């Protein structure tokens with residue numbers, strides 16, 4: 001079993017990992033940047049170490065810190081280095097345990113174009129698409145064959161970055177250049193590929209755990225359709241309004257594909273769903289931001305399971321042990337300002353003067369923030385995840401409306417009002433969700449403003 005672990009991440013996921021470690025009697029060292037020196041969650045750790053002025057993207061300082069503090073494992077969390085194959089290689093080459101997939105699996109899944117081609121060969125349904133594109137001219141030719149509109153995507157991207165919708169050939173050159181530039185800045189690589197764009201699909205994902213030797217279990221599905229510019233805002237578990245047979249089928253497809261890869265640790269297979277059909281879009285080799293909703297409906301601590309698999313290299317339970325019960329929703333509370341007129345979002349760093357959290361039955365809050373702390377501008381704007389559970393989706397939404405009404409934060413702008421509007425929206429309550437839902441919600445919001 002892992003004895004002492006270094007967390008190579010920050011914020012709420014660092015706290016989440018620490019809590020799982022506490023339940024397994026694993027000592028915790030949190031590595032942090034100079035920017036985070038005064039973050040109060042650092043006091044929860046057994047030890048801390050500053051690894052850089054501001055970056056969480058350099059692997060060598062984390063490995064050196066782990067060695068100097070007597071750690072035998074590193075957990076990368078999500079984002080930053082979590083899906084970096086070179087970092088996973090470095091960690092294991094230095095005799096440490098990397099809590100995640102193998103470096104080889106990260107290389108495959110990190111190249112989203114190669115991943116879709118490899119998985120298509122194992123029977124996973126995919127959208128019409130391309131391998132790497134040499135330039136905008138090749139992209140335009142491929143788009144003519146696939147048929148507009150198309151989605152231009154960074155092969156090594158994630159988090160909604162490096163993605164552009166192209167509806168006409170005359171826009172391809174500009175969109176290709178912009179997406180490629182965004183990919184270079186965000187991921188250090190600018191390879192691009194195309195997929196057919198679906199106008200109003202649902203985004204459904206399957207949570208997996210694998211032992212690295214071919215044994216894989218799924219923990220059901222998540223509904224992740226509520227997005228803004230390809231970034232998730234709200235997630236639910238399980239997916240709803242789709243037959244149990246179809247959901248079982250997509251879970252089995254994901255399990256079969258992951259088993260063929262001898263997949264290790266936690267991972268997520270993501271699909272688009274439209275007109276009764278599922279299409280694979282990508283697989284993520286890490287713990288997801290939205291993992292709490294799966295934990296709430298299965299009772300499985302996914303981070304603890306990650307640590308157990310990394311320690312013993314076997315699954316802590318079987319598929320028969322996984323039972324889905326109830327419904328859960330997660331709202332991502334971000335420090336940001338939303339311009340309703342344009343839909344533009346900008347970060348809202350600053351000092352949190354008041355932060356009163358909701359409580360009561362069926363309510364969970366994952367956060368690293370306390371009143372009096374500063375939200376830095378250098379990192380992602382996520383400050384808390386508000387999670388609620390009910391016996392069914394109706395009860396879950398009722399608790400969600402109550403929880404969001406109880407939440408009180410002052411000193412910075414957040415997207416709390418957006419979440420409150422979602423939870424009271426009739427179409428959302430009736431389950432009419434798709435990836436363009438928030439865009440339509442903002443249009444309706446503007447109309448109501450003008451009609452007053």
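Residue numbers (our numbering): 1 to 452. Built from N, CA and C at the ideal position, the CB exists for glycine as well. Every value quoted in this text rests on a predicted model; they were computed, and no experiment measured them.
Just how far apart, CA to CA, sit residue i and residue j?
i           : j           : result
residue 456 : residue 105 : No information on residue 456 is available, as it lies outside the stretch 1 to 452 that the chain covers here.
residue 155 : residue 192 : 5 Å
residue 411 : residue 178 : 34 Å
residue 359 : residue 79  : 28 Å
residue 188 : residue 77  : 20 Å
residue 108 : residue 12  : 28 Å
residue 448 : residue 436 : 19 Å
residue 307 : residue 196 : 38 Å
residue 294 : residue 362 : 14 Å
residue 217 : residue 236 : 20 Å
residue 120 : residue 6   : 37 Å
residue 139 : residue 353 : 49 Å
Leaving out five residues before and five after residue i in sequence, what residues of the same chain have Cβ atoms less than 7 Å from its Cβ?
i           : result
residue 292 : 330, 364, 366, 385 and 387
residue 425 : 441
residue 346 : 336 and 337
residue 396 : 327, 328, 329, 388, 389 and 390
residue 438 : 226, 227, 228 and 233
residue 70  : 4
What residue from the options has the CA that sits closest to residue i's CA?
i           : options               : result
residue 219 : 252, 272 and 38       : 252
residue 420 : 161, 52, 398 and 326  : 398
residue 456 : 362, 379, 381 and 356 : The structure shown has nothing for residue 456, since the chain only spans 1 to 452.
residue 409 : 400, 335 and 112      : 335
residue 241 : 233, 266, 229 and 276 : 276
residue 173 : 145, 200, 197 and 141 : 141
residue 38  : 370, 418 and 432      : 370
residue 147 : 129, 159 and 163      : 129
residue 210 : 256, 248 and 183      : 256
residue 212 : 427, 6 and 103        : 103
residue 10  : 350, 186 and 378      : 378
Grab me the residues of residue i's own chain with a C-beta within less than 8 Å of its C-beta, minus the 5 sequence neighbours each way, in chain order.
i           : result
residue 3   : 26, 27 and 72
residue 55  : 33
residue 414 : 333, 334, 335, 336, 348 and 383
Would you call the CB atoms of residue i and residue j closer than 8 Å?
i           : j           : result
residue 170 : residue 149 : no
residue 333 : residue 416 : yes
residue 340 : residue 229 : no
residue 88  : residue 98  : yes
residue 304 : residue 24  : yes
residue 122 : residue 260 : yes
residue 265 : residue 101 : yes
I'd like the list of long-range same chain contacts for residue i, defined as Cβ closer than 6 Å, with 5 residues on each side in sequence excluded.
i           : result
residue 202 : 225, 273 and 434
residue 112 : 155 and 282
Going along the chain, which unbroken runs of the beta strand (DSSP E) with 3 or more residues stay wholly within the region 16-40? 27-33
Curious, which full-length beta strand (DSSP E) runs of at least 3 residues does the region 362-443 contain? 363-367, 382-390 and 408-410
Counting only runs that start and end within the region 94-157, where is the alpha helix (DSSP H) found for 4 or more residues in a row? 103-110, 112-120 and 136-146
List in chain order: all unbroken alpha helix (DSSP H) runs of 4+ residues lying wholly within the region 242-306. 244-260 and 291-298
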